[in-house]
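For reference, the structure is listed below as structure tokens.
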Amino acid sequence: MIILMKRNATEGQIDHVTAWVESVGYHTHLSRGVERTIIGAIGDDRGKTQLKSAEYLPGVEKIVPILKPYKLASREFREENTQIRVGEAVVGGPKFVVMAGPCTVESEEQLLESAYIARKGGADILRGGAFKPRTSPYSFQGMEKEGLKLLKKVRERTGLPVVTEVMSPADVDLVEEYSDILQVGARNVQNFALLKKVGKARKPVLLKRGMMTTIEELLMSAEYILAEGNEEVILCERGIRTFETATRNTLDISAVPVLKELTHLPVIVDPSHASGHAKYVIPLCRAAVAVGADGVIVEMHPEPEKAVCDGPQSLRPESFYELMEEIRRLSSFMNNGMGVRS
Ligand code: PEP
Ligand code: MN
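Start counting at 1 in the sequence shown, then tack on 48, and there's your number in the working numbering.
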């Protein structure tokens with residue numbers, strides 16, 4: 049249920065309603081919009097009848113049930129887009145955000161070089177995995193803590209915030225210490241213990257859609273994080289499994305407008321893991337800008353042929369610069385010419 053406060057409701061009335069809702073056994077989540085405050089009452093259905101009497105409390109306009117299974121993630125709960133600040137960038141704001149870097153951290157030189165290329169091209173955030181989810185146990189598993197230390201070092205040298213993956217609840221505190229955004233990868237989208245743990249972290253979470261999860265399941269996973277108190281969740285469409293084999297996965301571009309309708313959370317696109325080929329990354333990024341995504345996360349490597357992981361889908365520096373130029377031109381056209389992004 050959500051409790052819509054009147055436009056002129058006082059702080060005292062908001063506090064009173066919050067305390068009352070909690071006294072009948074619900075958790076509360078406050079959403080302070082430009083126009084009015086909404087109090088989300090989260091709990092099981094048994095107290096529903098009692099909760100309805102909140103309608104008579106001073107300052108309350110009305111009580112509205114949220115029909116969707118996800119509550120805090122829904123547009124009904126928060127009308128305005130959620131904006132997440134990371135360093136100088138705002139994910140979900142007016143500017144299209146670019147996260148770029150290698151699939152995995154390999155060495156200080158490789159990461160530093162990638163960061164210089166990312167910064168020179170105008171990327172906002174550096175990506176690089178330290179814990180790698182690999183299909184084969186014999187593949188390189190990541191530099192782990194050493195990789196995290198390099199990410200921190202490179203961030204200090206270049207000023208670029210970093211996003212890196214966390215795969216286990218036991219590693220969340222460690223990764224949180226070193227990273228600006230915690231990535232929950234496609235394979236862990238329904239690792240509920242991990243979702244709950246990152247929900248307690250004080251860093252934004254980049255939640256990737258699984259290759260076999262529906263949009264609703266993705267939003268339910270986001271709900272796990274929000275319900276633990278972390279309001280900063282960035283959703284990522286990274287391709288799903290279909291019968292098509294020409295690309296590594298199939299980029300579900302329609303997931304972007306669907307998510308934009310259903311949720312207030314920012315939505316970005318990963319064309320690298322979606323397609324598996326560097327040559328498709330630029331066209332798919334164009335699609336991401338045009339469809340109204342808030343940004344992209346792309347794999348880029350100083351020397352893709354030497355990459356330890358995901359080389360074939362990693363952009364070379366020249367292609368990355370070309371991509372950044374295209375994104376600048378296309379998003380300025382979208383902002384000024386068509387006014388689609390708001
Ligand atoms: C990655 O970002 O390198 C990665 C493993 O992505 P995904 O979880 O989407 O496969
Ligand atoms: Mn990768």
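Backbone N, C-alpha and C fix where the C-beta goes; we use that ideal spot for every residue, glycine too.
Which same chain residues end up closer than 7 Å to residue i when comparing Cβ atoms and leaving out the 5 residues on each side of it in sequence?
{"i": "S390", "result": "With a pLDDT of 47 at S390, under the threshold of 50, the modelled position of that residue is not reliable, and the figure given next carries that caveat. None."}
{"i": "F368", "result": "A148, I165, G169 and M348"}
Compare the C-alpha of residue i against each of the options and name the closest.
{"i": "A241", "options": "R257, I273 and L266", "result": "I273"}
{"i": "H312", "options": "R376, S122, R296 and S380", "result": "S122"}
{"i": "E204", "options": "A218, D221 and S227", "result": "S227"}
{"i": "G170", "options": "G176, L208 and V139", "result": "L208"}
{"i": "P117", "options": "L310, V344, A294 and I345", "result": "L310"}
{"i": "G343", "options": "R376, K244 and V220", "result": "R376"}
{"i": "D221", "options": "T261, R257, K244 and A275", "result": "K244"}
{"i": "V108", "options": "T97, T58, A218 and F125", "result": "T58"}
{"i": "L52", "options": "P113, Q98 and T97", "result": "P113"}
{"i": "E83", "options": "D318, L99 and N56", "result": "N56"}
{"i": "K200", "options": "N236, N239, L159 and T290", "result": "L159"}
{"i": "F179", "options": "P217, I111 and I301", "result": "P217"}
Please report how far the alpha carbon of residue i lies from the alpha carbon of residue j, in whole angstroms.
{"i": "I316", "j": "D93", "result": "33 Å"}
{"i": "M348", "j": "S323", "result": "14 Å"}
{"i": "L120", "j": "N129", "result": "13 Å"}
{"i": "E136", "j": "M49", "result": "35 Å"}
{"i": "L267", "j": "M259", "result": "14 Å"}
{"i": "M191", "j": "E154", "result": "7 Å"}
{"i": "I229", "j": "G141", "result": "17 Å"}
{"i": "T212", "j": "G195", "result": "10 Å"}
{"i": "A102", "j": "Q61", "result": "12 Å"}
{"i": "E161", "j": "F188", "result": "21 Å"}
{"i": "S79", "j": "S184", "result": "43 Å"}
{"i": "V134", "j": "M215", "result": "21 Å"}
{"i": "V304", "j": "I345", "result": "14 Å"}
{"i": "S380", "j": "L283", "result": "23 Å"}
{"i": "Y104", "j": "E127", "result": "24 Å"}
{"i": "E370", "j": "R286", "result": "22 Å"}
{"i": "K197", "j": "G233", "result": "20 Å"}
{"i": "D63", "j": "P106", "result": "11 Å"}
{"i": "T85", "j": "E292", "result": "46 Å"}
{"i": "D219", "j": "Q231", "result": "12 Å"}
{"i": "L115", "j": "R182", "result": "38 Å"}
{"i": "R289", "j": "R257", "result": "11 Å"}
{"i": "M174", "j": "R364", "result": "Inspection of the sequence shows that residue 174 is occupied by Leu rather than by Met. Spanning the two alpha carbons is a distance of roughly 15 Å."}
{"i": "Q98", "j": "K54", "result": "20 Å"}
{"i": "A166", "j": "D300", "result": "26 Å"}
Suppose the cutoff is 8 Å on Cβ atoms and the five residues either side in sequence are ignored; what does the same chain contact list for residue i look like?
{"i": "G95", "result": "V72, G73 and Y74"}
{"i": "T76", "result": "T66, V69, E70, I87, G88, A89 and I90"}
{"i": "S362", "result": "P150, C151, S320, A326, E347, M348, H349, P352 and A355"}
{"i": "P360", "result": "G324, H325, A326 and P352"}
{"i": "G277", "result": "G247 and K248"}
{"i": "R250", "result": "E224 and N278"}
{"i": "V138", "result": "Q131, I132 and V145"}
{"i": "L378", "result": "R334, V337 and A338"}
{"i": "Y164", "result": "T206"}
{"i": "E374", "result": "I330, C333 and R334"}
{"i": "M372", "result": "V146, G169, G170 and A171"}
Kindly say whether residue i, judged by its beta-carbon, lies nearer than 7 Å to any beta-carbon of chain B.
{"i": "R133", "result": "In the structure shown, chain B does not exist; there is a single protein chain."}
Can you tell me whether residue i is helix, strand or coil according to DSSP?
{"i": "H64", "result": "helix"}
{"i": "A121", "result": "coil"}
{"i": "T97", "result": "helix"}
{"i": "V214", "result": "coil"}
{"i": "T206", "result": "helix"}
{"i": "T58", "result": "coil"}
{"i": "T191", "result": "Here residue 191 turns out to be Met, not Thr, going by the sequence shown. Three-state DSSP puts M191 in coil, outside helix and strand."}
{"i": "G81", "result": "coil"}
{"i": "Q361", "result": "helix"}
{"i": "L307", "result": "helix"}
{"i": "Q231", "result": "strand"}
{"i": "M382", "result": "helix"}
{"i": "I375", "result": "helix"}
{"i": "A275", "result": "helix"}
{"i": "I51", "result": "strand"}
{"i": "L313", "result": "coil"}
{"i": "H321", "result": "helix"}
{"i": "V281", "result": "strand"}
{"i": "E237", "result": "This sequence places Val at residue 237; Glu is not what is there. Reduced to three states, the DSSP call for V237 is coil."}
So, at 6 Å on beta carbons, what are the nonlocal neighbours of residue i in its own chain, with the 5 sequence-adjacent residues on each side left out?
{"i": "D172", "result": "A137, V145 and V146"}
{"i": "D358", "result": "C151 and E347"}
{"i": "V281", "result": "V253, L255, A270, I273 and L313"}
{"i": "K110", "result": "L52"}
{"i": "T261", "result": "V237"}
Neighbouring residues (CB closer than 5 Å to any heavy atom of ligand 2): In chain order, the hits are C151 and D358.
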